[in-house]
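Below: one structure, written as structure tokens.
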Amino acid sequence: MRIAVVGLGYVGLVQAACLADAGHRVSGVESDEARLRLLLGGETPFYEPGLSELVRRALDRGGLRITSEIDVAVCQSEVVFLTVGTPPRADGSSNLDALFEAGEALAAGASSALLVAVKSTVPVGTCDDLESAMRRRADARVDVVANPEFLAQGRAIADFREPRRVVLGSTSEAALEPLLALYRPFVESGSGRLVVIDRRSAELAKYAANGALALRVSMINEYARLCDAVGADIEEVRQVLASDPRIGPHFLEAGLGFGGSCLPKDITSLLHQARAADCEMPLVEALYAVNQGQRTRLAELAVEAFGDELSGRRFAVWGLAFKPGSDDLRESPAILTIDELLRRGARLTLYDPAALDNARALYGGRVDYASTALSALEGAEALLLCTAWPELAQLSLSAIAERISTPERNTPPYLFDGRNLFDPVEAGRAGLVYRGVGRGRAFPSG
Ligand code: UGA
11 MRIAVVGLGY
21 VGLVQAACLA
31 DAGHRVSGVE
41 SDEARLRLLL
51 GGETPFYEPG
61 LSELVRRALD
71 RGGLRITSEI
81 DVAVCQSEVV
91 FLTVGTPPRA
101 DGSSNLDALF
111 EAGEALAAGA
121 SSALLVAVKS
131 TVPVGTCDDL
141 ESAMRRRADA
151 RVDVVANPEF
161 LAQGRAIADF
171 REPRRVVLGS
181 TSEAALEPLL
191 ALYRPFVESG
201 SGRLVVIDRR
211 SAELAKYAAN
221 GALALRVSMI
231 NEYARLCDAV
241 GADIEEVRQV
251 LASDPRIGPH
261 FLEAGLGFGG
271 SCLPKDITSL
281 LHQARAADCE
291 MPLVEALYAV
301 NQGQRTRLAE
311 LAVEAFGDEL
321 SGRRFAVWGL
331 AFKPGSDDLR
341 ESPAILTIDE
351 LLRRGARLTL
361 YDPAALDNAR
371 ALYGGRVDYA
381 STALSALEGA
391 EALLLCTAWP
401 ELAQLSLSAI
411 AERISTPERN
421 TPPYLFDGRN
431 LFDPVEAGRA
441 GLVYRGVGRG
451 RAFPSG
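What follows is the structure, given as structure tokens:
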């Protein structure tokens, strides 16, 4: 099939590369000059396991063509996916300028029927508005289908190739038919489902899905607070929850809350939409507030241990990305933790397996950087762990303890584990003072 993907950010590039790899002829459109230059040179602008190899292969074989323009090939594609960004505005609403600009450009260039699938996360009613705007502009027929994206960073290629579900929001059989044909082989290769529903429900389902994940994260973090207050262990509580199939094990990891470019912005957009529709969503308000408090929990624990004033103290921070398998710092709890520690005068050495370059761009000379996890600990009085990179869990607790012991300062070596990656009892045996999230029972006295 001839396919176009407009917007080669995270979602678009995965979509374009995976479809080209499956044998389709894909035109990828990117308007950002820096990103375009990288892509034309065969490089991927962000880290996602397996993606750069896939993009390079698609470019070499000619299945993927990259352009800066919505040109004839794009307008004459059998399906055009819109995967442009819909970033949050200051009031929490979604900025839809890029989406409507792309839609108008497509409509203006269309000489035959145009089928547009919107993968960008958009407020309910956006596809209706976009279709009307494009129909006013185009000489040919335009159909807009809502096709929300459910890829998670770090496992996006697997999520695309074997989706849990593909949602298509439309009541037009003519519009649905090519999309069903395109997605069916992917859905059938896994155990997922094709779900065809109306357009507004499809738009809302995306927010509801991310809202449900966010709710679970805030729920477990709220119980973690209670565990600390009453002397229980959230990891033991979690085992009990996860063993009930009605609850299940996923998204119950206590930690520093949810970050990234999706969950936080989707929650604020959802609340904005609800307010505009005069509908209260107290549960969503509450899960958001819980998360806001949770993101600085580790800085709070450090202040409890070292006092308000941190000038002259050096700490190591492991894990900067909002989650493992990503180099994305957007809304990362690590960034809020670092900002709070810097505000209190601490000196920091940062380490992350993938996100150090992005951290350098953000902090420049205000912090130090280490090329290995253990070397970040030299001269530090405490380690703060913000992202659950699995390779960090493999490091020896005694090697950690040795490096952060600072007898001349009279403080014990602290490990503040913001993702409960280490075992508190083993950490204690290695000579560390362990503070996790909700591990009150497991290591009560410190
Ligand atoms: C999320 C959804 O999982 C995807 O299904 C969706 O397609 C995507 O947003 C999107 O809207 O595009 P992603 O942002 O990549 O994907 O990250 P998640 O894996 O959902 O994690 C989000 C945050 O929650 C991370 O900061 C993670 O550390 C945190 N989290 C997750 C927890 O604190 N505890 C958990 O148990 C799980």
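Plus 10 on top of the position in the sequence shown (first one is 1) and you've got this note's numbering. Glycine is no exception: its CB is placed at the ideal position from the N, C-alpha and C atoms. Keep in mind it's a predicted model, so treat the numbers as computed, not measured.
- Counting the other Cβ atoms within 10 Å of the Cβ of Gly-95 gives 16 or more, which makes it buried.
- Classified as buried, Gln-283 has 16 or more neighbouring CB atoms from the shown chains inside 10 Å of its CB.
- When Ala-150, Leu-106, Leu-395 are compared, the shortest CA-CA separation from Lys-129 is found for Leu-106.
- Per DSSP, Ala-326 is one residue of the beta strand (DSSP E) stretching across 324-328.
- Between the alpha carbons of Tyr-233 and Leu-262 lies a gap of roughly 10 Å.
- Short note on Phe-91: C-beta not closer than 7 Å to any heavy atom of the ligand UGA.
- Contact check between the segment 221-229 and the segment 292-306: three or more CB pairs, one atom from each, fall below 8 Å, which counts as touching.
- In the three-state scheme derived from DSSP, where H, G and I count as helix and E and B as strand, Ile-207 is classed as strand.
- Taking the Cβ of Val-250 as the reference point, every heavy atom of the ligand UGA lies at 7 Å or farther away.
- Around the beta-carbon of Ile-167, 16 or more other beta-carbon atoms lie within 10 Å, marking it buried.
- Under the three-state reduction of DSSP output, Thr-54 falls in the coil class, being neither helix nor strand.
- Judged by beta-carbon spacing, Leu-280 lies beyond the 8 Å limit of Tyr-379, meaning their Cβ atoms are not closer than that value.
- Inter-residue distance for Asp-169 and Gly-22 is about 14 Å (C-alpha atoms, whole angstroms).
- Short note on Cys-237: C-beta not closer than 7 Å to any heavy atom of the ligand UGA.
- Here Leu-425 is bridged, per DSSP, to Leu-393, Tyr-444.
- Take the alpha-carbon of Val-177 and the one of Ala-27: they are about 20 Å apart.
- If you draw a straight line from the Cα of Glu-388 to the Cα of Tyr-373, it comes to about 20 Å.
- For Asp-70, the CB stays at least 7 Å from every heavy atom of the ligand UGA.
- Bridge partners of Val-39 according to DSSP: Val-16, Thr-77.
- Rounded to the nearest whole angstrom, the CA to CA distance from Ser-385 to Gly-441 is 19 Å.
- Along the segment 294-359, the beta strand (DSSP E) occurs as fully enclosed runs of 3 or more residues at 324-328, listed in sequence order.
- In the DSSP assignment, Val-134 falls outside any alpha helix (DSSP H), carrying neither H nor E.
- The beta carbon of Asn-220 sits closer than 7 Å to at least one heavy atom of the ligand UGA.
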